[in-house]
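Structure first, then comments.
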Amino acid sequence: MDDWFRMKDLQEHLHNAIAWKHQKTKEAQKDHVSKTHVRWSELLRLPYFNPIRFLVIDPMHNLFLGLSHWIVKRIWIDKGKLLNPTLK
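Quick note on our numbering: the sequence shown kicks off at 1445 and runs consecutively.
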């Protein structure tokens, strides 16, 4: 799984969020988000909050856009967790 999935680094995320917060203009913030895909949230002030581990995938992305299908195929079938005879 390490060859196609890399977990985001929490410290890098926090660094990018603080950098977004310190941008001087809205345009600079917009540019920062387009490069890092990170912006500040007041939840980041909570010492126990981890936006990477606490992410909830909503039903639209999970079911309707095919994420669950991709997970089943990529992780369960392609990695041999489910075999074709088992699926019949």
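Ideal Cβ placement from N, Cα and C applies to all residues, glycine included.
On a Cα-Cα basis, can you pick out the residue from the options that is closest to residue i?
i, options, result
"W1464", "K1452, M1451, R1450 and L1488", "L1488"
"D1453", "H1476, T1480, Q1467 and Q1473", "T1480"
"L1458", "T1469, P1491 and H1513", "P1491"
Tell me which residue opens and which closes the alpha helix (DSSP H) that residue i is part of.
i, result
"I1515", "L1511 to I1515"
Mind checking residue i: buried by the 16 CB within 10 Å criterion, or exposed?
i, result
"N1460", "buried"
"V1482", "buried"
"H1476", "buried"
Would you tell me roughly how many angstroms separate the C-alpha atoms of residue i and residue j, rounded to the nearest one?
i, j, result
"P1495", "M1504", "20 Å"
"A1472", "R1518", "38 Å"
"L1499", "N1528", "32 Å"
"F1508", "R1450", "24 Å"
"K1524", "L1511", "Sequence check: residue 1524 is Gly here, not Lys. Going by the C-alpha atoms only, they are around 19 Å apart."
"I1462", "R1497", "19 Å"
"F1493", "W1484", "13 Å"
For a test of the three-state rule: what should DSSP assign to residue i, helix, strand or coil?
i, result
"H1468", "Contrary to the premise, residue 1468 reads as Lys rather than His in this sequence. Three-state DSSP puts K1468 in coil, outside helix and strand."
"R1484", "As written in the sequence, residue 1484 is Trp, which differs from the Arg given in the question. If DSSP states are grouped into helix, strand and coil, W1484 belongs with coil."
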